[in-house]
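To keep things clear, I will list the structure first and then write my remarks on it.
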Amino acid sequence: MKGLISVVTAVLQDGTSRGNLKSLFRLLLVLFGLVVLFSVLFHLIMLREGQEHSWITGFYWTLTVMTTLGFGDITFKGDLGRLFSVIVLVTGVIYLLVLLPFTFIEFFYAPWMRAQAASRAPRELPANIRQHVILTNHDAVASALIPMLEKYGHPYVVLCSTPRDALALDERGIKSAVGDLDDPETYSKMRIGQAAMLVTTRDDMVNVNVTFTARELAPHLPIVASAGSSASRDVLELAGATLVLRLEEMMGQALARRITIGDSDSHLIGNLGGLHIAEASALGTSLVGLALRDSQIRSRTGVNVIGTWNHGSLEIADADLAITSHTVFVLAGTKRQLETFDATFTTQTMVKPRVLIIGGGRVGRATYRALKSLDVCGLSIIERNADRVRGIPEAIIGDATEMEVLKQASAREATTLIITTHDDDTNVALTIFFRRLRNNLQILARSTFDRNVPTLRRAGADLVLSYAAMGSNTILNVLRGSDHLLLAEGVNIFPAAIPSSMAGRLLSELDVRTQTGCSIIAVEKGGERITNPPPDFRLPSTGRIFLIGDLAAEERFLKKFKPGLVPALRRRAMKS
Ligand code: AMP
Numbered sequence: 000m001k002g003l004i005s006v007v008t009a010v011l012q013d014g015t016s017r018g019n020l021k022s023l024f025r026l027l028l029v030l031f032g033l034v035v036l037f038s039v040l041f042h043l044i045m046l047r048e049g050q051e052h053s054w055i056t057g058f059y060w061t062l063t064v065m066t067t068l069g070f071g072d073i074t075f076k077g078d079l080g081r082l083f084s085v086i087v088l089v090t091g092v093i094y095l096l097v098l099l100p101f102t103f104i105e106f107f108y109a110p111w112m113r114a115q116a117a118s119r120a121p122r123e124l125p126a127n128i129r130q131h132v133i134l135t136n137h138d139a140v141a142s143a144l145i146p147m148l149e150k151y152g153h154p155y156v157v158l159c160s161t162p163r164d165a166l167a168l169d170e171r172g173i174k175s176a177v178g179d180l181d182d183p184e185t186y187s188k189m190r191i192g193q194a195a196m197l198v199t200t201r202d203d204m205v206n207v208n209v210t211f212t213a214r215e216l217a218p219h220l221p222i223v224a225s226a227g228s229s230a231s232r233d234v235l236e237l238a239g240a241t242l243v244l245r246l247e248e249m250m251g252q253a254l255a256r257r258i259t260i261g262d263s264d265s266h267l268i269g270n271l272g273g274l275h276i277a278e279a280s281a282l283g284t285s286l287v288g289l290a291l292r293d294s295q296i297r298s299r300t301g302v303n304v305i306g307t308w309n310h311g312s313l314e315i316a317d318a319d320l321a322i323t324s325h326t327v328f329v330l331a332g333t334k335r336q337l338e339t340f341d342a343t344f345t346t347q348t349m350v351k352p353r354v355l356i357i358g359g360g361r362v363g364r365a366t367y368r369a370l371k372s373l374d375v376c377g378l379s380i381i382e383r384n385a386d387r388v389r390g391i392p393e394a395i396i397g398d399a400t401e402m403e404v405l406k407q408a409s410a411r412e413a414t415t416l417i418i419t420t421h422d423d424d425t426n427v428a429l430t431i432f433f434r435r436l437r438n439n440l441q442i443l444a445r446s447t448f449d450r451n452v453p454t455l456r457r458a459g460a461d462l463v464l465s466y467a468a469m470g471s472n473t474i475l476n477v478l479r480g481s482d483h484l485l486l487a488e489g490v491n492i493f494p495a496a497i498p499s500s501m502a503g504r505l506l507s508e509l510d511v512r513t514q515t516g517c518s519i520i521a522v523e524k525g526g527e528r529i530t531n532p533p534p535d536f537r538l539p540s541t542g543r544i545f546l547i548g549d550l551a552a553e554e555r556f557l558k559k560f561k562p563g564l565v566p567a568l569r570r571r572a573m574k575s
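Just so you know, we're using numbering that gives the first Met the number 0 here: the sequence shown kicks off at 0 and counts up by one.
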């Protein structure tokens, strides 16, 4: 009943529906007028023929003829009466069999169905909802974030400005609600005071308004907002954003870091309470040709080799790993240990890279700036639209698939190609094109949606970085707090209370790495943290360990060792 009332109210509140209802009412009025008129005429013509009938019979006759039922029990004998019968019949067909059903469906039934569907998109969240995440957009980042939120047990809602948008999401199984983004009332109804986070990834100015409005109502809520420019970043910070996401900038820097140049310096990719995670290329160092066990990396620098990147995914390092010039290490250590690593394994032969960037959009330009700051000199950028690369002397204007343009950009001499457009289809096409052209080219590609990463790899890219994964992981790190760190490549650093099955045992006999794919990178006991514990380290009976591994490895660890007590882990263990 309550649902019925809300649907009726929605139909009556909607301006178009109100207009439609008026049209339907007018049609019914005309119909009623016609029935009365025909009933009166029936009476008069029957009297002319010498037949006498009651008013009820006249009404009955009109309806049976108009609805084409025509029982034939009351008939006219003369031509005038028969002509009148034909007119009543045709009018009935037009009004009752054509106009009325059409008007009813178009002006009443359809708005009714729409209103009923719209009532499925709530304008208010239940009062008992807690720790939920409010999103203002369903973009590539949100579509990667939502499954993770579900995995970690956070309710979420995507806030839409119109019921139509909310319904479109609802039909795809995405939880949505309706409300004006600039109205404080909306956030009160979304129970912002009980929320875990607000994520706004709309246009910069909308994000500023959303942040400012929400901040008033929830002074301590983590608010993550995206920004397209550094000016917007400053305004968003002033408006009260906890974290301003500049994903294009992050993506540009990440792509630039991955070029093969034989710079063995470690590059920081994450920091978890003083434990630095970095990557470093073996190219050009004395490490090439050695097995990891003979490299003495740990004994000389204290740095732990967690694994290596293989086409963008982490492979846990094995002592027998043969280090080649293509090896890119993922390292864990303190800042000082990493500095020692840089000083110990200096590059002996720097490769002079020649990098060709395709696309001068935000990511392309950020990649260009990042490469400049890494002192890469052999740079060119191909862009179709001259306005986008104004002020970049190395820019070549034209289409990257045209031979003339490629010649101009000296594409043959390029050692690395970075494909940066936001259109995944274009990126797949460009990757296929360039892989056919040059087999020995290092191709790095951006993908906007996670789902296109495997396609780009199959197309021939050596490394694909996903924009959606980068954004969603960064947001998740803020949500999960300082104890957790999820790197863009799906590698997770997480804490676990030392389970009883591990307490008091040597790391070497536990062999966590082989059994689960996770690596223990730190042990914490009574406020003291031991980074990179050696294999003969005996675990204390209480305290916690920090592990690194991809999400599947983390699941295996949780299943096998069943650690307890760390809230985030417990929440997830309950879900699985
Ligand atoms: P965005 O998608 O905003 O990161 O920008 C991508 C940029 O790549 C746009 O400025 C496009 O003009 C440019 N672009 C896309 N395809 C090509 C191509 N085949 N050759 C050159 N530039 C391209």
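Using N, Cα and C, we set each Cβ at its ideal position, and we do this for glycine too. Keep in mind that this is a model prediction, so the values were computed, not measured.
Pairwise C-beta distances place the region 550-562 in contact with the region 507-515, as three or more of them are shorter than 8 Å.
Less than 9 Å separates the beta-carbon of residue 333 from that of residue 275.
Beta-bridge partners of residue 549 (DSSP): 490.
Taking one beta carbon from each stretch, the region 291-305 and the region 235-246 have fewer than 3 pairs nearer than 8 Å; the two do not touch. The nearest non-hydrogen atom of ligand 1 is less than 8 Å from the C-beta of residue 382. If you look at residue 430, you'll find it isn't in any beta strand (DSSP E); it sits in the alpha helix (DSSP H) that goes 423-436. Within the region 127-170, the runs of alpha helix (DSSP H) that reach at least 4 residues and sit entirely inside it are, in chain order, 139-150 and 162-170.
By the neighbour-count criterion, in which a residue is buried when 16 or more other Cβ atoms sit within 10 angstroms of its Cβ, residue 435 is exposed. The closest heavy atom of ligand 1 lies less than 8 Å from the beta carbon of residue 419. In this structure, residue 429 has its CB closer than 8 Å to one or more heavy atoms of ligand 1. In the structure shown, residue 441 adopts extended strand secondary structure according to DSSP, grouped into three states. Below 8 Å, too few C-beta pairs join the region 106-117 and the region 133-148 to call them touching: fewer than three.
The region 533-549 makes contact with the region 487-505, as at least three CB pairs between them are under 8 Å. At a Cβ-Cβ threshold of 9 Å, residue 254 and residue 419 count as neighbours. Beta bridge pairing from DSSP links residue 304 with 330. Annotated three-state conformation of residue 64 is helix, per DSSP.
For residue 327 against residue 382, the beta-carbon gap comes to about 29 Å, at or over 8 Å, which does not count as contact.
Distance from the Cα of residue 539 is smallest, within the candidate group 550, 501 and 553, for 501. Around the beta carbon of residue 159, 16 or more other beta carbons lie within 10 angstroms, which makes this residue buried.
When C-alpha distances from residue 490 are compared across 187, 27 and 469, the shortest belongs to 469. Between residue 462 and the set 128, 256 and 175, the nearest pair of CA atoms involves 256. Distance check between residue 353 and each of 226, 414 and 236 places 414 closest, using alpha-carbon atoms only. Annotation for residue 247 indicates a beta carbon within 8 Å of some heavy atom of ligand 1. Scanning the region 195-256 for uninterrupted beta strand (DSSP E) segments of 3 residues or longer gives 196-199, 222-225 and 242-244, listed from N- to C-terminal end. Around the beta-carbon of residue 162, 16 or more other beta-carbon atoms lie within 10 Å, marking it buried.
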